[in-house]
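What follows is a single structure, written as structure tokens, with notes after it.
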Amino acid sequence: MKYDVGKLPWDIISADFDGDGDADLAVTNGLSNKVSVLLNKGGGVFRQARNYEVGLQSADITSSDFNCDVKLDLAVAIRSVRPSDPLKVSVLLGKGGGGFASPVRYPVRGQGNIPSGITSAELNGDGKLDVAVANLNFGNVSVLLGKGKGVFGRAEPFGVDGEPSRIINADFNDDDKPDLAAAKLGPDEVSVLINTTSSSP
Numbered sequence: 045m046k047y048d049v050g051k052l053p054w055d056i057i058s059a060d061f062d063g064d065g066d067a068d069l070a071v072t073n074g075l076s077n078k079v080s081v082l083l084n085k086g087g088g089v090f091r092q093a094r095n096y097e098v099g100l101q102s103a104d105i106t107s108s109d110f111n112c113d114v115k116l117d118l119a120v121a122i123r124s125v126r127p128s129d130p131l132k133v134s135v136l137l138g139k140g141g142g143g144f145a146s147p148v149r150y151p152v153r154g155q156g157n158i159p160s161g162i163t164s165a166e167l168n169g170d171g172k173l174d175v176a177v178a179n180l181n182f183g184n185v186s187v188l189l190g191k192g193k194g195v196f197g198r199a200e201p202f203g204v205d206g207e208p209s210r211i212i213n214a215d216f217n218d219d220d221k222p223d224l225a226a227a228k229l230g231p232d233e234v235s236v237l238i239n240t241t242s243s244s245p
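Here's what the structure looks like:
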């Protein structure tokens, strides 16, 4: 089966967005500035995509319950709303039934930068989910700490060498705190950022 989405599909994730127990899909579209959400009808058959505006050149996507309402939300790394804008994160809060609210955009870093990777985790031990973004061309990773209710604070950069293009989180040193790892286009390395916060998730 094939399903229509937007122009230049870039990244894809699967999660139960409408709470019916079936895995749905969300796809970023690099040239149509939208996220396409395909809800699962059951049996591996999907409904026609619902498209949500996020901003120019949407790149990687992550999903978590950022406002703790038991509805999954989306966060998307985008280049800009306009070509002159800096790289941003668009956060779309889930409304239930697989629908999403209009995006709230948070500046990350970089004038006219290239979209890059994104991940979500509880990074500073305050019980609120945070977002980390790899900033291609700027040699850093930005962390946006969650303030609760799906709202995020100012981005804080953490330097890495080269051009980070993708980012993941995991507890690499078994201290019960999520760390970050960023893959870099140059100099062909992976940077690991160990979480040094004093509190635990």
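Just so you know, the sequence shown maps onto residues 45 to 245 in this note's numbering.
By construction, the Cβ of each residue, glycine as well, lies at the ideal position given by its N, Cα and C atoms.
Model, not experiment: these values are computed from the prediction.
The residue from 145, 142, 191 and 57 with its alpha-carbon nearest to that of residue 167 is 191. Our two residues, residue 93 and residue 65, have alpha carbons roughly 18 Å apart in a direct line.
When the beta-carbon positions are compared, residue 162 and residue 133 come within less than 8 Å of each other. Annotated three-state conformation of residue 49 is coil, per DSSP. Annotation for residue 101: the continuous beta strand (DSSP E) segment containing it runs 100-108. Looking at the DSSP output, residue 207 sits in no beta bridge, so it has no partner there. Between residue 183 and the set 209, 223 and 89, the nearest pair of CA atoms involves 209. The bridge partners DSSP lists for residue 185 are 178 and 202. Cα atoms of residue 45 and residue 70: separation of roughly 16 Å, rounded to the nearest angstrom. In this structure residue 74 is buried. Its beta-carbon is surrounded by 16 or more other beta-carbon atoms within 10 angstroms. Of the other Cβ atoms in all chains shown, 16 or more fall within 10 Å of the Cβ of residue 119; this residue is therefore buried. The shortest C-alpha to C-alpha distance from residue 165 to any of 107, 231 and 99 is the one to 107. When secondary structure is reduced to three states using DSSP, residue 137 falls in the coil class, being assigned neither helix nor strand.
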